[in-house]
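Comments concern the structure below.
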Amino acid sequence: VGHTINGITLNKIMTGASIGLFSFETKDGVNAEDIAKNIAKEVREKLCDKTEGHATFVVSVLKSTGGFEHDNETITAVNRWQQFQQPTLILPEKESNDKCFYDGVRPGFETETPDGKKPVSESVLFRREEGKKLRSNIYKHILGDETFKKMFTSADVSKDNFTTDLDDLTDSQDKGNLNHKMAFIYFDGNKFSKIRANKCTAEKTLTAFSECVEKHRKDFLCKLIQEAKASPDFKNNEAIRLETLLWGGDDLEIVVPAWKGWKVLRLFYKCMSNAAFDGVQLTHAGGIIFSNHKAPIRQIREMARKLADMAKDKLPSDFKSLQHDKHDIAHYLIMESFDTVGPDIQHFVKQYYGDGFYNDFTLTPNKMDNITEALSLMKANGFPHNKIFEIIRIIKSEPLPEQKEKINKVFDKALSEVEDRDTVCASIKKAIEDNYHRWLMLADLWDYAGR
């Protein structure tokens with residue numbers, strides 16, 4: 045952004061996780077075609093230099109016709125046509141008899157790793173080393189120097205402000221069964237592509253849309269870091285327990301300790317509750333997975349994205365109908381064992397929760413608040429945890445017509461043992477909403493919500 049090539053300055057229109065759109069102007073009397081070729085060549089070279097040849101890029105330059113929408117579609121098509129004509133994978137130059145320990149595909153060469161001396165490909169090694177550098181500066185890069193300096197004093201600058209691996213991020217002996225458990229959280233904008241196509245028909249509106257999304261997400265990140273700094277159990281030896289895996293475009297991925305995942309989920313939707321562009325509410329779908337910190341991160345990422353896609357199934361087709369209270373949505377999954385869940389989440393939830401019932405577990409901000417309130421009151425007033433499992437047993441083993449009476453008996457027995465019976469009862473009914481299968485949600489989230 046703002047980079048000058050032969051006196052020509054590139055002006056950002058919008059950027060995403062893997063795409064950038066820029067504009068520049070040429071002076072009268074110059075050969076614009078030659079300038080365009082030189083700019084494309086230098087941009088491509090800088091990108092390749094930045095990645096040391098381990099990634100492929102396509103760069104296109106198009107003369108403006110004055111019709112931004114048409115030009116945007118054309119240059120996107122030109123880029124895609126280039127992508128179809130070249131391989132995505134960079135073929136390694138060096139040969140080896142060993143495959144990479146991490147990706148299992150590229151030739152690996154012995155090097156020191158966190159897992160000891162292992163054969164690692166040059167590509168993976170490069171991404172690991174560059175990732176370390178990026179991690180230490182990513183929040184300053186996202187928030188900007190001024191904002192970052194306000195959040196971290198000069199005394200903080202010399203420290204590692206954030207944990208450096210998932211082991212440190214999740215290590216807390218006093219968290220009991222949540223020790224070394226993480227929450228992987230994924231968010232994706234609902235119908236952002238359609239909103240852009242309909243609303244962003246000029247350069248300025250596309251830039252405004254991109255800046256609008258960035259502004260709200262930066263607000264979320266600021267509040268998240270502020271809360272983490274103020275919360276002792278959100279830090280490990282003063283290092284904030286936060287890992288950002290993706291930040292840009294329509295989606296983002298972060299990892300936090302399992303005991304903070306639910307709060308972070310609620311915080312995100314709270315920060316996004318007023319996000320709107322040109323009269324359209326900008327809503328998000330999310331997926332949150334609670335698992336052991338050693339669970340395979342690639343598979344966890346895929347699962348979290350599938351959860352978000354499952355939550356989107358009931359979205360209205362018209363993006364103008366999107367509303368924060370109804371369509372800021374998420375699905376969760378408690379993954380005690382990767383082998384138990386398997387690669388097909390939809391098959392697993394049908395078996396575990398009952399065919400057709402998991403769709404009723406879609407979380408909205410209001411439902412999250414109701415679950416939080418219910419679990420907080422249940423724990424504070426001594427609601428017997430074992431009675432929840434007794435109710436779950438009835439749901440899973442008894443025919444539907446016979447469930448209600450048996451569940452109510454167990455529920456009444458449990459309420460007789462708690463303080464402030466009426467308040468606890470009302471909060472549970474508000475969370476359940478006459479859907480007895482939602483007792484499964486209270487059982488699932490007992491350790492994670494209402495803390």
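The opening position of the sequence shown corresponds to residue 45 in the working numbering, with each subsequent residue numbered one higher.
Idealized CB from N, CA, C, for every residue including glycine.
Predicted model, so just to flag it, every value in this text is computed and none were measured.
Around the C-beta of Gln129, are 16 or more other C-beta atoms found within 10 angstroms, so that it is buried, or is it exposed? That one is exposed.
I need the DSSP call for Gln325, collapsed to helix, strand or coil. Under the three-state reduction of DSSP, Gln325 is assigned to strand.
Boundaries of the beta strand (DSSP E) in which Asp232 is found, first to last residue: Asp232 -> beta strand (DSSP E) spans Lys225 to Gly233.
N- and C-terminal bounds of the beta strand (DSSP E) containing Lys440: Per DSSP, Lys440 lies in no beta strand (DSSP E) segment; the continuous alpha helix (DSSP H) that holds it begins and ends at His429 to Ser441.
Using the Cα positions of Lys225 and Thr288, report the straight-line distance between them to the nearest angstrom. Answer to the nearest angstrom: the Cα atoms are 16 angstroms apart.
Taking the runs of the alpha helix (DSSP H) that are 4 residues or longer, which of them lie wholly in the segment 266-331? Those alpha helix (DSSP H) runs which fall completely within the segment 266-331 and span 4+ residues are 302-315.
Is DSSP giving Ser335 helix, strand or coil here? Strand, per DSSP.
With Leu419 and Ala493 assumed to form a contact (beta carbons below 8 angstroms), what rounded beta-carbon distance in angstroms separates them? In this structure Leu419 is in contact with Ala493, their Cβ atoms being roughly 5 angstroms apart against a cut-off of 8 angstroms.
From the DSSP output, read off the bridge partner residues of His375. Beta-bridge pairing links His375 to Gly331.
How is Asn123 classed by DSSP in three states: helix, strand or coil? Per DSSP, reduced to three states, the secondary structure at Asn123 is helical.
If we count the other Cβ atoms within 10 Å of its Cβ and call it buried at 16 or more, is Trp125 buried or exposed? Here Trp125 is exposed, its C-beta having fewer than 16 other C-beta atoms within 10 Å.
Are the segment 313-327 and the segment 364-382 touching by the rule of at least three beta carbon pairs closer than 8 angstroms? The segment 313-327, when compared against the segment 364-382, does touch it at the 8 angstroms Cβ threshold.
Determine which residues share a DSSP beta bridge with Leu419 and list them. In the DSSP output, where bridge partners are listed per residue, Leu419 has none listed.
Around the C-beta of Asn479, are 16 or more other C-beta atoms found within 10 angstroms, so that it is buried, or is it exposed? Counting C-beta atoms within 10 angstroms of its own C-beta, Asn479 has fewer than 16 neighbours from the protein chains shown and is therefore classed as exposed.
Could you tell me if Pro301 is buried or exposed, where buried requires 16 or more neighbouring beta carbons within 10 angstroms of its beta carbon? Label assigned to Pro301: buried.
Lys177 (DSSP reduced to helix, strand or coil): Judged by DSSP in its simplified three-state form, Lys177 adopts helix.
Since Leu106 and Val122 should fall inside the 8 angstroms C-beta cutoff, what is the C-beta to C-beta distance between them, to a whole number of angstroms? Their Cβ separation, rounded to whole angstroms, is 7 angstroms, which keeps Leu106 and Val122 in contact under 8 angstroms.
For Leu407, list the residues DSSP reports as bridge partners. Residue pairing by DSSP puts Leu407 in a beta bridge opposite Ala374.
Distance between Val257 and Ser365 (C-alpha atoms, nearest Å): Linking Ser365 to Val257 through their CA atoms gives a straight-line distance of about 19 angstroms.
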